Amino acid sequence: MDALKNKIAEIIKNLYGVEVPVEFAAVPAEIEGDYSCNVAMRLAKAAGKAPREIAAEIIAELPAEYEYTIAGPGFINIGVSGRALFAQLDGAWNENYGYNQSGAGKVAVSEFPSTNMAKPYSVGHLRPGTQGWAAKRILEANGWKVITDNHLGDAGTPFGIWATGFKRSGKSIDEVTIYDLGEIYIQMKADMKAEAAAGEHALADAAQDWLLKLEAGDAEAKELSERFNKISLDHIHGVMKRMDLVTDYELGESFFVERGKELVKKFLAEGKFVQNEDGSVICPLDEFGIEVPMLMLKSNGAALYATTDLACLDYRLHEWKADRLIYAVGAEQKFYFEQLFAVAKKLGWNAEMQHVWFGTIDQVGEDGKREKMSSRKGVVLLEAMLDDAEKRVRENFAGTELSDEDVRRVAVGAIKYSDFIADRKTGILYDPNKIFALTGQSGPFCQYACVRMRRILEKNADFAGADFGDYDFAAEKTILRKLLEFPGLVAAIADNLEAHRVAGYCFELAQELNRYYENAPITSAEPAVKAARLWTIERAATVLERGLDLLGIQIPDKM
Ligand code: ARG
683 MDALKNKIAE IIKNLYGVEV PVEFAAVPAE IEGDYSCNVA MRLAKAAGKA
733 PREIAAEIIA ELPAEYEYTI AGPGFINIGV SGRALFAQLD GAWNENYGYN
783 QSGAGKVAVS EFPSTNMAKP YSVGHLRPGT QGWAAKRILE ANGWKVITDN
833 HLGDAGTPFG IWATGFKRSG KSIDEVTIYD LGEIYIQMKA DMKAEAAAGE
883 HALADAAQDW LLKLEAGDAE AKELSERFNK ISLDHIHGVM KRMDLVTDYE
933 LGESFFVERG KELVKKFLAE GKFVQNEDGS VICPLDEFGI EVPMLMLKSN
983 GAALYATTDL ACLDYRLHEW KADRLIYAVG AEQKFYFEQL FAVAKKLGWN
1033 AEMQHVWFGT IDQVGEDGKR EKMSSRKGVV LLEAMLDDAE KRVRENFAGT
1083 ELSDEDVRRV AVGAIKYSDF IADRKTGILY DPNKIFALTG QSGPFCQYAC
1133 VRMRRILEKN ADFAGADFGD YDFAAEKTIL RKLLEFPGLV AAIADNLEAH
1183 RVAGYCFELA QELNRYYENA PITSAEPAVK AARLWTIERA ATVLERGLDL
1233 LGIQIPDKM
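Under our numbering, think of the first position of the sequence shown as 683, with each following residue one higher.
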């Protein structure tokens, strides 16, 4: 329909001398026409005429291949035959249908899930992974080269705390698990707090000693540190694998500590940063309307979170030559990233930087009220959520023989899809009764539509190349129209990375497909009709799969 949009824009320019964007909206089935255009209403002021009059003037100039009606206050409704829609989709179809090359030659870095070494992977890092992955796939669908990086939280004092707590626990290094390490860490933090309140510091000193030993290359400290890191990383990788997540790099905070300190020195010397009397270094940001300067280095010369992020930014921009940086990190760090991006601007680093932030994951509490997700033990571990999800999927499909891999795909699909139900800025409600349901807007609902269509196609594998005769594609119009929307949707979300719009699209398409499947018989249809219907189903299943893939959701073989 792009040609028609351009034609309308051209007519408007000739008639009224103005340039306006022309958009079409798909009209509901009960209204005459297939697309609706509200441009006449928007021109009324400039043209000094009634919208219906303007609509008539535009229609008079339009090509005869479509049907036009004026509706309501001045909508131009455009009727397109099913056959014309088929011809459009057929003409546009290729193996990359829906993707475009607008980002060709450009590099983006998408950062996720950026978990922390000291702790077991919790639901707190669910959304970073899901959203960061979708950002990657959406940009790739728009032709970008995307580098993914897990910015591990692996710097600072955790090692000293772990080592002290581990020694105290009497556990053997061969048996200690990530959960032990997590508990050791939490217990140590609590004990250190109590100790400090009592004016003592034995534990804090011990932790500090371990850090110094590590820095000095002490063999035991080195061994412990390597073991702790390995236990942490194995755990993180295991969870990511279950979630179908993987990154190209894992350059954590520690990788950037020394680089960060060097950079701070450099920008201090250049007068861009300022040293306080106590020795700490700040970057003033008043010129960006940010009153609070960013603290770049501690008074004792130690690196901060921001020190490592400064070096990381530098690395991504100058080493990886990124044109765009995506940080999939929760809303709590909004101000931090505002500051960080302002620092980058101040340094003349001009890439596009985007903090893809999101709300919390909530649950329905025992009192029926909405609350931040938690368990009796405190945080909910992502592994526990995945185990529970798989259990629910097995229950829901008790009558069907699902492979373990398909159970996992459905469980992960359900969890991921729930992340995209609404705009990411709103918190999501983790309601197992809805998330895993095969009805309503859910991941499994969309996956199931795909699996069903694939099964029909398998059973009728011989339709390829069949002749559609003069079949009118009237019953296929709604689906064809929907499929024709997909490329525009992919292009439209490249800037704001609105993955939820893809989720909404997939749900609507899956609904259409189910409706179609019920109303347009295939097996009993005569050959030309049957072939046309299978063709339509094949295109639709492909687009649905492609849409779900942008969300990181895989299709089970069977369900
Ligand atoms: N590890 C951090 C956390 O869990 C998130 C890191 C975000 N990324 C960054 N470049 N600062 O809160």
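A virtual CB, placed ideally from N, CA and C, is assigned to each residue, including glycine.
Here the structure is a predicted model, which is why all the values come from computation and not from measurement.
For the region 724-775, the full-length alpha helix (DSSP H) segments reaching 4 residues or more read 733-743, 764-774 along the chain. Judged by DSSP secondary structure, ILE1219 falls within the alpha helix (DSSP H) whose first and last residues are 1209-1232. The beta-carbon separation of MET874 and LEU863, rounded to 16 Å, does not stay under the 8 Å limit for a contact.
One thing to note: ASP831 has its Cβ within 8 Å of the Cβ of ASP930. Excluding its 5 nearest sequence neighbours in each direction, PRO802 has C-beta neighbours in its own chain below 7 Å: ILE860, TYR861, GLY864, HIS917, LEU1063, listed in chain order. Minimum Cα-Cα distance from VAL1061 among the listed residues VAL709, LEU697, GLY806, VAL700 corresponds to GLY806.
Rounded to whole angstroms, ILE972 and LYS849 show a C-alpha spacing of 45 Å. Counting only unbroken stretches of 4 or more residues, the alpha helix (DSSP H) elements lying wholly within the region 840-896 are 840-851, 860-879, in sequence order. Inside the region 1015-1049, DSSP marks whole alpha helix (DSSP H) runs of 4 or more residues at positions 1016-1028, from first to last along the chain. The beta carbon of VAL1011 sits closer than 7 Å to at least one heavy atom of the ligand ARG. Relative to the ligand ARG, ASP991 has its C-beta within less than 7 Å of a heavy atom. The continuous beta strand (DSSP E) containing ALA790 extends over residues 789-793. With respect to the 8 Å criterion, PHE1168 and GLY780 are classified as neighbours on the basis of their beta carbons. The C-alpha of PHE1079 lies about 11 Å from the C-alpha of PRO1126. Under DSSP, the beta-bridge partners assigned to GLU1053 are GLN1045. Relative to SER851, the option among LYS1028, THR1224, GLN869, LEU1166 whose CA is nearest is GLN869. The closest heavy atom of the ligand ARG lies 7 Å or more from the beta carbon of ASN688.
In the structure shown, LEU1063 falls within a strand segment according to DSSP collapsed to helix, strand and coil. Shortest Cα-Cα distance from GLY847 to any of VAL858, TYR867, HIS833 involves TYR867. A straight line joining the alpha-carbon of ILE1117 with that of ASP1070 spans about 12 Å. Boundaries of the alpha helix (DSSP H) harbouring THR1160: 1159-1174, taken from the DSSP string.
Within the region 945-973, the complete beta strand (DSSP E) runs of at least 3 residues fall at 963-965. Taken from the Cβ of GLU793, at least one heavy atom of the ligand ARG lies inside 7 Å.
DSSP places LEU979 in the uninterrupted beta strand (DSSP E) bounded by 976-979. Around the beta carbon of GLN783, a 10 Å sphere encloses fewer than 16 other beta carbons of the protein chains shown; the residue is thus reported as exposed. Here the region 962-978 makes no contact with the region 822-838; the two share fewer than three CB pairs at distances below 8 Å. Contact annotation, LEU1139 with ILE1219: C-beta distance approximately 6 Å; criterion of less than 8 Å satisfied. Burial is judged here by how many other beta carbons sit within 10 angstroms of a residue's own beta carbon; VAL928 has fewer than 16 and is exposed. As computed with DSSP, LEU1111 is found in a beta bridge with ASP1044.
About 14 Å separates the CB atoms of ALA1024 and LEU1007; that is not less than 8 Å, and the two are not in contact. Judged by DSSP in its simplified three-state form, ASP1101 adopts helix. When DSSP reads this structure, ARG1006 sits in a beta bridge with ALA790, GLU1034. Cβ-Cβ distances below 6 Å link ALA729 to TYR698, ILE736 in the same chain, with the five nearest sequence neighbours on each side left out; the list follows chain order. A direct Cα-to-Cα measurement between ALA774 and GLU1200 gives close to 27 Å. Of all alpha-carbon atoms in LEU1111, TRP1031, ARG998, ALA876, the one lying nearest the alpha-carbon of ARG1052 is that of LEU1111. Across the set GLY1234, PRO1238, MET1241, the C-alpha of GLY1234 shows the shortest separation from the C-alpha of PRO810.
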